[in-house]
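The opening residue of the sequence shown carries number 1 in our numbering; numbering runs sequentially from there.
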Amino acid sequence: MMVTGILLSAGLSSRFGSPKALAKLGQETVIERLEKLLLSTETAELIIVLGHGAEQIKPVLFKHKKVKIVYNKDYKLGQTSSLKTALAHIALDANGILLLPVDYPLIKQETLQTLIGFFQKRNPLILIPSYHGDKGHPPIFDIRLKKEFLDLDNAVGINTVIHRHAAETCVLPVEDEGVIRSFNTPEEFEKLKMKLSGSV
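Structure below.
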């Protein structure tokens with residue numbers, strides 16, 4: 001069971017004021033941290049979607065044979081357009097799609113590995129982690145949903161497909177608050193940094 005990781009980093013980050021990907025956690029940027037995390041799991045490939053601020057973000061990414069960097073020219077149309085851009089570059093033998101937005105920097109490596117392992121063993125149509133009852137990121141989608149995602153209007157959220165298949169969605173509880181902790185503003189990012197330093 002081959003799982004492709006997709007890291008979404010194309011958004012406008014308008015409430016943050018600068019690209020979220022380049023926010024610093026200690027010595028590294030958020031996107032460097034997540035790229036390393038995803039590459040340390042059993043993902044067979046990693047597709048990083050850039051858009052707004054691509055020229056600033058690209059230099060901090062490290063080259064790796066598993067990594068494909070793609071550009072979403074329609075990034076202003078939102079997350080669905082970025083997923084569709086990634087799906088156009090996905091390996092033909094991929095079985096699953098792990099989807100992680102760049103603003104979930106606290107997620108743990110073992111959580112990602114647990115999700116991938118569960119998906120490979122049980123092969124649900126959709127797998128979503130939860131923390132104390134709250135659903136979070138990253139979901140893993142079976143490749144059978146690829147056409148449904150590609151057929152979505154860019155104005156429609158990715159959640160549309162999840163709602164359509166609620167009966168075939170598996171929710172996996174994890175002990176990792178990082179699956180529900182994202183940031184949109186500098187204040188929210190400061191709170192995340194405090195959580196991270198408190199857990200080290």
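The C-beta atom is built at its ideal place from N, Cα and C for all residues, glycine as well.
Nearest residue (CA-CA) to V49, options L39, V60, L83: L83
Can you tell which of G11, P173, R164 has the C-alpha that lies nearest to the C-alpha of H132? P173
Does DSSP put G51 in a helix, in a strand, or in coil? strand
Ignore the nearest five residues each way along the sequence and tell me which others in T169's own chain have a CB closer than 8 Å to its CB. P124, L125, I126, L127, I128, I162
Mind listing, in chain order, the continuous beta strand (DSSP E) runs of no fewer than 3 residues lying wholly within the region 17-88? 45-50, 67-71
Helix, strand or coil, according to DSSP, for T160 in the structure here? helix
Could you check if D103 is buried or exposed, using at least 16 other CB atoms within 10 Å of its CB as the buried criterion? buried
Terminal residues of the continuous beta strand (DSSP E) containing F183? Segment: none, F183 is in no beta strand (DSSP E) and carries neither H nor E.
Name the two residues that bound the continuous beta strand (DSSP E) containing G117. Per DSSP, G117 belongs to no beta strand (DSSP E); it is in the alpha helix (DSSP H), 109-122.
Looking only at its own chain, which residues have a Cβ that is under 8 Å from the Cβ of L22, when we skip the five neighbours before and after it? T29, V30, I31, G53, Q56, I57, V60
What is the DSSP secondary structure of V179, counted as helix, strand or coil? helix
Within its chain, find whatever has a CB closer than 6 Å to the CB of E45; leave out the 5 residues flanking it on each side and keep chain order. T4, K66, A91
Report the residue ranges of all alpha helix (DSSP H) runs contained in full by the region 125-161; include only those spanning at least 4 residues, in chain order. 146-151
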